[in-house]
Structures are given as C-alpha cells and as structure tokens.
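Residue numbers (our numbering), protein chains in the order written: chain F, 1 to 240; chain C, 1 to 240.
Don't be surprised by glycine CBs; every beta carbon is placed ideally from N, CA and C.
All values reported here derive from a predicted model rather than from experimental measurement.
Here is the structure we will look at, set down as structure tokens.
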DNA sequence: TTATTCTATTTGTAGGACAAATGTAACAAA
DNA sequence: TTTGTTACATTTGTCCTACAAATAGAATAA
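Structure (structure tokens):
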C-alpha cells in the first residue's frame, strides 16, 4: 500500500486561508464588511467558484454572514459549531474516545471550582429535586440521558456557557461508548458495585450541601471511575 | 434597526446536513467511500456547485478526503480543526474571552488528576530544567510563550493529546487578553505581588515533587488568580 | 418631510466545458 | 503464467456564463 500523499491542497484551501489572513491583517472585527465575491476573484485571480467554496466554509464556521446586495459581514464565530458537526462517535477511534473521556473527567473535577464559587440555596433545591426524581426511577433504570440532567445542571451553576455546550456536544460519545463497549463497562460496574464503591448523584449532592469541594472532587472521581478504568485498562479488564 | 433574519439557509447548508445524515444512516466509518459528486447531484436534484460547496466544508473539517478518480473517502475527523481556524481573539467578545479563561482554569485544575497518575522521575527532571531556565530569565521578563512551556509540559505528562491541543489552540486568546486588557491585569498582578500571593512555576513544581495533588491544585488556583479576577470582576478592579 | 417605486448590485443556483490525476483494463514482454 | 507498460475512462478541480432572488440606495411622488 502506498503512503498517502496528503498534499492535495486545493485553491479553495489557499483562498480560505488568505481570507482569514485578510481579516487579521486588516484588524476587522464583527460588524465590519469584507470585499464582495468578485473583488476576491480579482484580488486572487481565481474563479468565483473557488471564492464561494472558501466563503462557504467560513459561513459554516459562523465567521461570516452573507446577504444579497449587502455583501459579506464578519460575525463573532460560534466556537463549537465545527466541533458539533463532526462529533459522530462512529467515526472516532478508541483512542479519541478515551481522550474524550479524559476530557470529561477533567471538566467535572475542574468545574467544581466554579460550582462552589457560585452555588446558592435555590440551586441546591433544584439539584435535590433532580436527585429525588432519579431515585424514584431507581439507579439501575437510569438512562444516560437522565444521568446527564444532573451534570448539565452542575455545569449551568458553574456558569460557563462554553463548558456547558462542550459537555453537551460530547454527550453522544459517552452514550455510544457505554453501549458499544458494554462488555467492558458492565463487569466494571458490577465489580464496583460488589466493592460498594458506586458513587451516586445523591452522594455528590451530599458533598455539595456541605460545601465540601474536596469531598465533591473525590466523589466525582469515584462517580466516573468506569471511564477512568476504560482509559487506562481497556481492553484489559481490571479494577485496582 | 431591523431584527436580523437569520433564516438564510442555503442549499449548501441543507446538502451538507444531508450528507452527514447519509453517513450516519448508512453507518459509514473511516475508510468507506461516499457516492461521488454527480451521484449526489442526482440524489438531491441540485447543481454540482452546491454539492461541491457542501463537500468542501466537510473536507475542511477533516471528515472526508477526495481524490481524483477514487472519489470521496471518509476519514476520522480532526476534532479541533474548525476550532483552531476561528479562534482569532480579535473577533471574540469579552464574554467569550472570560469563558475561555474559565476553561483554562478548569483544565489546569482537572488535569492534575492525570498529571499525578502518570508522572515519573524523568518528567520531574524535565520540569526542573524548564523552571531553572525560566528562573534564569527572571519572573518579570518571562514572556507568555515561556510561561506556556511549563504548562504544555504538564499537559503532555497528563497524556491526553486532545486536551494538549485544546490548550495550545486557546493560547493566543490569553496572549491577546493580557495585552489587550493590560490596564486591568497589571494592577491586579501588582496587588497580588504586594500581598505576596504570586505563585510561580517553581512553587507548582515543589508541590509536584511532593506528589501533593491538593497542594498543587491550590497552587494552580493561585497561579491563575488574575484570570479568576478577570472573570468575576472585570471591568471593576478588586482583589478580595 | 415622508412614503413609494425603480434601479443597480450582490449573492444563490444552474449548467457546460476542459484540465489533471489516476484506477482499471488491455496489451506486451519475460 | 507473471510482470511491466500503455491506453482509456472516470472523477475531482477549476473556469466560465447565465439568470433568479433579494435588497440597499437613488429617484420619484405625495
């Protein structure tokens, strides 16, 4: 098998780069307008198709908006648009999925900083409602969507919209992973259960009520233990 | 001023969506090939230009590769390609920049989990070298690039490539912020200095050597205090 | 001054043409 | 038969022209 020649840069690739460069060079900010298509055609000596391909990409990323007659306007890009589009777990390697899980653990632990800085009594009330609803369902019947409600609320309290979005976008990866690698996750969960090491949302909530940040971070670590195991040990099955 | 009608979905938008849908519906994975351009033209009853615009976007995201005669092949997308392209700090609102800073704090705190799980003696040796080189330069002469070398190494030890990349991509935002909001950061730093609360890389390294995770997380919090201040207090200047 | 109409401009879409690359088949040579 | 070469057909990459749809701004009317 030949080594893949990956040097297939098209004109659209170059023009895309040039236009981004143009924005930076001229210190354009959201609200400013760009040259129109034909001007780019003349500037770079290429066909309108190519310009349109490049602009189409920037449009998708939310970097520009286009309107007839008005031309092209720069907008504040929605940072995670591209990310959202391509996160199809089926397309990700196990390595990448492990990295997503690592990201999840890091975010959950780190976000506790902001969680405990911001939380107030009414937040705790809402968390209690979520938890009691979930206890009614029963821990074993909890779907991953139910599971996520609690964590989404945590992120919301932490007050960082970007991180909330990020977590929401990664969510399908975890759903997929726990389904696709069920033969791994199931015995791990059972083992943890046997050892009495399952950490529930209620356990997390207890720490939150006590405003015990370190306790919470510890508990989160336990709560996400199956991911940790997966990252370090898959495909071997082993619990320390 | 009129309310912006944002419903300008073009055919390219729709076709892009359709093709992503096509991939999911048919459970295609990296290595599989897609219908060629003309087949999409017929499938959706549109012009080749539109198909090419849509494919051009997917190509940019790293979701597909195209080669003459061979057609279109699905590849594992590089998750952060789109993100990397649009992170131009000039285009970001202060709100978004604050969110990036929050992300930075969360990552640095959270990544300590993996840092302390993975670190070995040779890593510590390398960290010592980095720190002593930086001490030679002097803390006040440290450029933000120098500053970043230490943290990049931390992420590398933690062993999550995605997070490393993520941090690297966000880096210019911090460079920009500290430059653009210098009138805020400078007095904050001076105030911290007066209070003797500056946390250096050397301080961090001490905690690492003692394998003191909680101490490290605490120290990181201090190290990133200016960002924390910015998030909560900008444009007001205030240190608790 | 205000409301309406008209016009010119700009993006969105379609379709044709050809160049460049290359997988595949046909053929030739060992 | 196997291997190497050549020719062909297919597919992407680029360019071009044309027209529809939308609309900012000018011209006009009330």
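{"Query": "Strictly below 7 Å CB to CB, what residues from chain F border residue 38 of chain C?", "Result": "The premise fails here: residue 38 of chain C is roughly 16 Å from chain F at the closest Cβ pair, so nothing lies under 7 Å."}
{"Query": "Give me the Cα-Cα distance between residue 125 of chain C and residue 150 of chain C, rounded to the nearest whole angstrom.", "Result": "12 Å"}
{"Query": "Output the distance between the C-alpha atoms of residue 50 of chain F and residue 11 of chain F, rounded to the nearest integer angstrom.", "Result": "7 Å"}
{"Query": "Here's the rule: buried if 16 or more other CB atoms are within 10 angstroms of the residue's CB, otherwise exposed. What is residue 136 of chain F?", "Result": "exposed"}
{"Query": "I want to verify the contact list: residues of chain F whose CB lies under 8 Å from the CB of residue 209 of chain C, in sequence order.", "Result": "The contacting residues do not exist; residue 209 of chain C stays about 21 Å from chain F at best."}
{"Query": "Please classify residue 3 of chain F as buried or exposed, where buried requires at least 16 other C-beta atoms within 10 Å of its C-beta.", "Result": "Annotation note: pLDDT 31 at residue 3 of chain F (below 50); position unreliable, no value reported."}
{"Query": "Residues bridged to residue 33 of chain C by DSSP?", "Result": "C:73"}
{"Query": "Residue 64 of chain C by DSSP, collapsed to three states: which one?", "Result": "strand"}
{"Query": "For a quick check, are the C-beta atoms of residue 64 of chain C and residue 31 of chain C less than 8 Å apart?", "Result": "no"}
{"Query": "I want to see whether chain C comes within less than 8 Å of residue 194 of chain F, judged by CB atoms only; does it?", "Result": "no"}
{"Query": "If you draw a straight line from the alpha carbon of residue 42 of chain F to that of residue 55 of chain C, how long is it in whole angstroms?", "Result": "25 Å"}
{"Query": "What is the residue span of the alpha helix (DSSP H) that residue 175 of chain F lies within?", "Result": "161-180"}
{"Query": "Against chain F, does residue 70 of chain C count as a neighbour if the rule is that its beta carbon must be under 8 Å from one of theirs?", "Result": "no"}
{"Query": "If you check the beta carbons only, do residue 255 of chain C and residue 83 of chain F fall under 8 Å apart?", "Result": "Nothing in the structure corresponds to residue 255 of chain C, since chain C is present only between 1 and 240."}
{"Query": "Interface residues of chain C around residue 47 of chain F at Cβ under 8 Å?", "Result": "The contacting residues do not exist; residue 47 of chain F stays about 11 Å from chain C at best."}
{"Query": "Count the other C-beta atoms from every protein chain shown that fall within 10 angstroms of the C-beta of residue 236 of chain F, then say buried if there are 16 or more, exposed otherwise.", "Result": "exposed"}
{"Query": "In or out: residue 79 of chain F buried (at least 16 other Cβ within 10 Å) or exposed?", "Result": "buried"}
{"Query": "Assign residue 128 of chain F to one of three DSSP states: helix, strand, or coil.", "Result": "helix"}
{"Query": "Of all Cβ atoms in chain F, is any one closer than 8 Å to the Cβ of residue 234 of chain C?", "Result": "no"}
{"Query": "Does the segment 220-235 of chain F come into contact with the segment 196-210 of chain F, if we say contact requires no fewer than three beta-carbon pairs (one atom in each stretch) closer than 8 Å?", "Result": "yes"}
{"Query": "Use the C-beta contact count for residue 38 of chain F: other C-beta atoms within 10 angstroms, 16 or more gives buried, fewer gives exposed.", "Result": "exposed"}
{"Query": "Compute the Euclidean distance between the alpha carbons of residue 226 of chain F and residue 211 of chain C, then round it to the nearest angstrom.", "Result": "24 Å"}
{"Query": "Is there at least one non-hydrogen atom of the ligand COA closer than 7 Å to the beta-carbon of residue 184 of chain F?", "Result": "The ligand COA is not part of the structure shown, which contains no ligands of any sort."}
{"Query": "Considering just the uninterrupted stretch of the alpha helix (DSSP H) at residue 96 of chain C, what are its terminal residues?", "Result": "94-110"}
{"Query": "So residue 105 of chain F and residue 113 of chain C are in contact, right, with Cβ under 8 Å, and what is the actual spacing, rounded?", "Result": "6 Å"}
{"Query": "Contact between the segment 139-147 of chain F and the segment 181-195 of chain F is defined here as three or more beta-carbon pairs at a separation below 8 Å; is this criterion met?", "Result": "no"}
{"Query": "Answer yes or no: do residue 85 of chain C and residue 205 of chain F have a C-beta to C-beta separation smaller than 8 Å?", "Result": "no"}
{"Query": "Count the other CB atoms within 10 Å of the CB of residue 17 of chain F; is the residue buried (16 or more) or exposed (fewer)?", "Result": "exposed"}
{"Query": "Let me know the secondary structure DSSP gives residue 138 of chain F once reduced to three states.", "Result": "coil"}
{"Query": "Pick helix, strand or coil for residue 82 of chain C, following the three-state DSSP scheme.", "Result": "helix"}
{"Query": "Just the C-alpha distance for residue 100 of chain F and residue 69 of chain F, rounded to the nearest angstrom, thanks.", "Result": "43 Å"}
{"Query": "My understanding is that residue 87 of chain F touches residue 169 of chain F, with C-beta atoms under 8 Å, so please give their C-beta distance in whole angstroms.", "Result": "6 Å"}
{"Query": "Report the three-state DSSP secondary structure of residue 196 of chain C (helix, strand or coil).", "Result": "coil"}
{"Query": "Which first and last residues belong to the alpha helix (DSSP H) in which residue 222 of chain F is found?", "Result": "213-223"}
{"Query": "So, with DSSP's three-state summary, where would you put residue 1 of chain F?", "Result": "For residue 1 of chain F, the pLDDT reaches just 28, beneath the cut-off of 50, and the residue's location in the model is therefore unreliable, leaving the point undetermined."}
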